[in-house]
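Residue numbers (the working numbering): 3 to 194. From the three backbone atoms N, C-alpha and C, an ideal C-beta is built for every residue, glycine too. Notes follow the structure.
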């Protein structure tokens, strides 16, 4: 994860936000078993923290940082609707099934708790479980906004997604029995 801050963000804010992102990246790594870290440059998961004015002017920077980013995505990010505090776009190579790059945008004007909620939701969704569902509970992968931070249930979903027995491009009929087996293993010995 490569974090970029708008010029409007103070050094103190950068320190707090950076600490939150590094801590959450470590949690994502533990949950997925996939290498996740924060880097100064060359990251394949770009996390932008921008003010309203910085976001509106970010189109050229987005195009430079994310080669091939669709113009419609640049427009969606620069013209983010006021009710959207944050968002993430994840990309595959060609018709591939694996994400190879992601861009998360978080409004820098958010209060601390809402900022942390955006960090959890967008960075987790950029790792793979992209679609929200009202049936997934307790979870941040649910648009009802009942849960603001990654839950234990979410960690289990990430463990399932990144289990080596599953691979990108599997059909549902092939993946379902494997997913059920992994879930049984993860829940073995737990009271449900």
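Item                                                                                                                                                              : Value
Residue range of the alpha helix (DSSP H) that residue 31 falls in?                                                                                               : 13 to 34
Take the Cβ of residue 128 as the centre, count every other Cβ of all protein chains shown within 10 Å, and call the residue buried at 16 or more, exposed below. : buried
Measuring straight from C-alpha to C-alpha, what distance separates residue 114 and residue 175?                                                                  : 43 Å
Could you tell me if residue 25 is buried or exposed, where buried requires 16 or more neighbouring beta carbons within 10 angstroms of its beta carbon?          : exposed
Please state whether DSSP places residue 4 in a helix, a strand or coil.                                                                                          : strand
For residue 93, which beta-bridge partners are listed by DSSP?                                                                                                    : 103
Consult DSSP for residue 82 and reduce its assignment to one of helix, strand or coil.                                                                            : coil
Which residue comes first and which comes last in the beta strand (DSSP E) that contains residue 49?                                                              : 47 to 52
Where does residue 167 fall in DSSP's three states?                                                                                                               : coil
Within 10 angstroms of its Cβ, does residue 154 collect 16 or more other Cβ (buried), or is it exposed?                                                           : exposed
Going by CA-CA distance only, name the one from 35, 22, 190, 4 that's closest to residue 167.                                                                     : 35
Would you mind giving the Cβ-Cβ distance between residue 3 and residue 23, rounded to the nearest angstrom? I have them listed as a contact below 8 Å.            : 7 Å
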